[in-house]
Amino acid sequence: VSSKTSFDFRDRGEDTAEFAATHKLDFIISGGIRSSGKRVRISLELSEVESGKALWRDRYDRVIEDVFDLQDEIVRTITISLLGEIEISSLQRAKRKATENISSYESLLRGKEMHHRFTKQANSQALEFFDQAIEADPSNAQAHAWKACTIGQGIVRGFLEGDPDKFIGEAMDSIASALELNENDFECHRMLSAVYLSQHEYQLAEEHGRRAYDINPNDPRVLAGYGEVLARLGKPEKGVELLEKALSLDPIPQGQMNSDNRYTDLTLAYFYLKDYERCIEIGKKVEHINFKSWLFVNYSKSELGSFDEKDAYLKQGLEEFNEGDWDLKVDRLHLPNEKTQSDLLEFLNDL
Numbered sequence: 011v012s013s014k015t016s017f018d019f020r021d022r023g024e025d026t027a028e029f030a031a032t033h034k035l036d037f038i039i040s041g042g043i044r045s046s047g048k049r050v051r052i053s054l055e056l057s058e059v060e061s062g063k064a065l066w067r068d069r070y071d072r073v074i075e076d077v078f079d080l081q082d083e084i085v086r087t088i089t090i091s092l093l094g095e096i097e098i099s100s101l102q103r104a105k106r107k108a109t110e111n112i113s114s115y116e117s118l119l120r121g122k123e124m125h126h127r128f129t130k131q132a133n134s135q136a137l138e139f140f141d142q143a144i145e146a147d148p149s150n151a152q153a154h155a156w157k158a159c160t161i162g163q164g165i166v167r168g169f170l171e172g173d174p175d176k177f178i179g180e181a182m183d184s185i186a187s188a189l190e191l192n193e194n195d196f197e198c199h200r201m202l203s204a205v206y207l208s209q210h211e212y213q214l215a216e217e218h219g220r221r222a223y224d225i226n227p228n229d230p231r232v233l234a235g236y237g238e239v240l241a242r243l244g245k246p247e248k249g250v251e252l253l254e255k256a257l258s259l260d261p262i263p264q265g266q267m268n269s270d271n272r273y274t275d276l277t278l279a280y281f282y283l284k285d286y287e288r289c290i291e292i293g294k295k296v297e298h299i300n301f302k303s304w305l306f307v308n309y310s311k312s313e314l315g316s317f318d319e320k321d322a323y324l325k326q327g328l329e330e331f332n333e334g335d336w337d338l339k340v341d342r343l344h345l346p347n348e349k350t351q352s353d354l355l356e357f358l359n360d361l
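If you read the sequence shown in my numbering, its first letter stands for residue 11, the second for the next number, and so on.
As structure tokens, this is what we get:
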């Protein structure tokens, strides 16, 4: 509802249940503000109308230095929290319905849930749900976009068997459909950026990353994707800024158990910034070893003169990653600068 409708409700002292029924609301957010000098406390609560249950509540204590900065910070934080809670609640309701009775939006939510399980079976189920969402409402741009993302996940993780070019074509067709339905859908541009990065079309990756960011500058996935692209394309300062913001807003992305992906992205950005000490520091926070952060951390150590061939972390990586071709592994990092690739390969081949 509009802010005017909300203020009218407050001024009339109307019953909350009656207000929700009148405007056909599924959720209501309420709260209050208390201040003392420069200190302010903001309390918020999200309730589900159907059950009357409080789904989420939080309190923010801040010192007001710049009221506009404070507003931006609070809006960013609660928007991410609220959208997540609303999706979770809507998903639970969708699960209580027979499959043939769920709406396009509910099928979309079921598909997103499966997508974030990162297994072959879940990937297949996600695609089925997205197809159901599209069948129920062909104009659901998000369903087309998430189908493309899930196909991409299947290609990268080896869940889809067959010709990768065929699947990439299907993903691009889905994104094209989504953009045709809504050219301002940030999800579409976010995913296009990722697809073009994987194909080493770096300028197109930056273009679509920027468009996603312009439309939704507070989405952690947009910040992370665009930040990675910028770091690779000679703008590591801005890349670090966006990646640090993504970590702050959403340290553990949906479907993941820790912050490893966020920290790994930052090792790449600090590597490009040539802040090798910070790269090493961030790399220590990665819980489960992966090739990307392992390479950037050890290369950073060599640049600082602190490289040790007897280091346990180095040896662990060599045991796990020194199979096959270093060239292919470096190629999969999607690094546009040939000199950077050459330096990393020389380092790896000398190990």
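Yeah, the Cβ is synthetic: ideal placement off N, Cα and C, and Gly gets one too.
Here GLU138 carries a helix assignment [DSSP, helix/strand/coil].
Rounded to the nearest whole angstrom, the CA to CA distance from PRO230 to ASP260 is 6 Å. The three-state secondary structure of GLU58, taken from DSSP, is strand.
Taking 8 Å as the cut-off, the Cβ atoms of PHE306 and GLY293 count as close. Two segments are said to touch when three or more pairs of C-beta atoms, one from each, lie closer than 8 Å; by this definition the segment 181-200 touches the segment 213-223. The beta carbon of TYR273 lies closer than 6 Å to those of ILE292, LYS295, VAL296 in the same chain, with the five residues before and after it left out. About 6 Å separates the CB atoms of TYR212 and LEU243; that is less than 8 Å, so the two are in contact. Around the Cβ of VAL85, a 10 Å sphere holds fewer than 16 other Cβ atoms; the residue is exposed. Residue environment: GLN152 is assigned as buried (16 or more neighbouring CB atoms within 10 Å of its CB, all protein chains considered). Taken through DSSP and simplified to helix, strand or coil, ASP275 comes out as helix. Taking C-beta separations shorter than 7 Å and ignoring five residues to either side along the sequence, the partners of VAL59 in its chain run ALA30, LEU35, ASP36, PHE37, ILE38, following chain order. Annotated three-state conformation of SER208 is helix, per DSSP.
PRO246 is classed as buried because its beta carbon has at least 16 other beta carbons within 10 Å across all chains shown.
By the criterion of at least three beta-carbon pairs nearer than 8 Å, the segment 114-123 is in contact with the segment 138-149. DSSP, reduced to helix, strand and coil, places GLY41 within a strand of the structure shown. Cβ-Cβ distances below 7 Å link ILE299 to GLN326, GLY327, GLU330 in the same chain, with the five nearest sequence neighbours on each side left out; the list follows chain order.
The DSSP assignment places no complete beta strand (DSSP E) segment of no fewer than 3 residues inside the segment 140-189. The residue among ASP147, TRP66, ALA158 with its C-alpha nearest the C-alpha of SER117 is ASP147. A Cβ-Cβ contact shorter than 8 Å links ALA256 with ALA234. Comparing alpha-carbon positions, the option among TYR115, PHE128, GLY179 lying closest to ASN150 turns out to be TYR115. Apart from the 5 residues on each side of it in sequence, LEU276 sits with its Cβ closer than 6 Å to the Cβ of LEU253, ILE292 in its chain, given in chain order. By the 16-neighbour rule on beta-carbons within 10 angstroms, VAL166 is exposed. Annotated three-state conformation of ILE52 is strand, per DSSP. When DSSP states are grouped into helix, strand and coil, VAL239 belongs to the helix group. The bridge partners DSSP lists for TYR70 are ILE52. Short of 7 Å from the beta carbon of LYS48, and not among the five residues preceding or following it, lie these beta carbons of its own chain, in chain order: VAL73, ILE74. Scanning its chain for C-beta atoms nearer than 8 Å, with the 5 sequence neighbours on each side dropped, one finds no residue around GLY315.
Around the C-beta of PHE281, 16 or more other C-beta atoms lie within 10 Å, and the residue is accordingly described as buried. A distance below 8 Å between beta-carbons, with the five flanking residues on each side excluded, links LYS176 to no residue of its chain.
Under the DSSP assignment, PRO246 falls in the alpha helix (DSSP H) whose first and last residues are 246-259. Distances from the CA of LYS157 to each of GLY168, ASP173, GLU171, GLU180 were compared; the closest alpha carbon is that of GLU180.
Within the same chain, Cβ atoms closer than 7 Å to the Cβ of HIS218 are found at HIS199, LEU202, SER203, TYR206, the five residues on either side in sequence being excluded.
Rounded to whole angstroms, SER208 and MET267 show a C-alpha spacing of 25 Å. Under DSSP, the beta-bridge partners assigned to SER46 are ARG49. The beta carbon of ALA136 sits closer than 7 Å to those of GLY121, MET124, HIS125, THR160, all from its chain and outside the five residues before and after it, given in chain order. The C-alpha of LEU278 lies about 26 Å from the C-alpha of ILE178.
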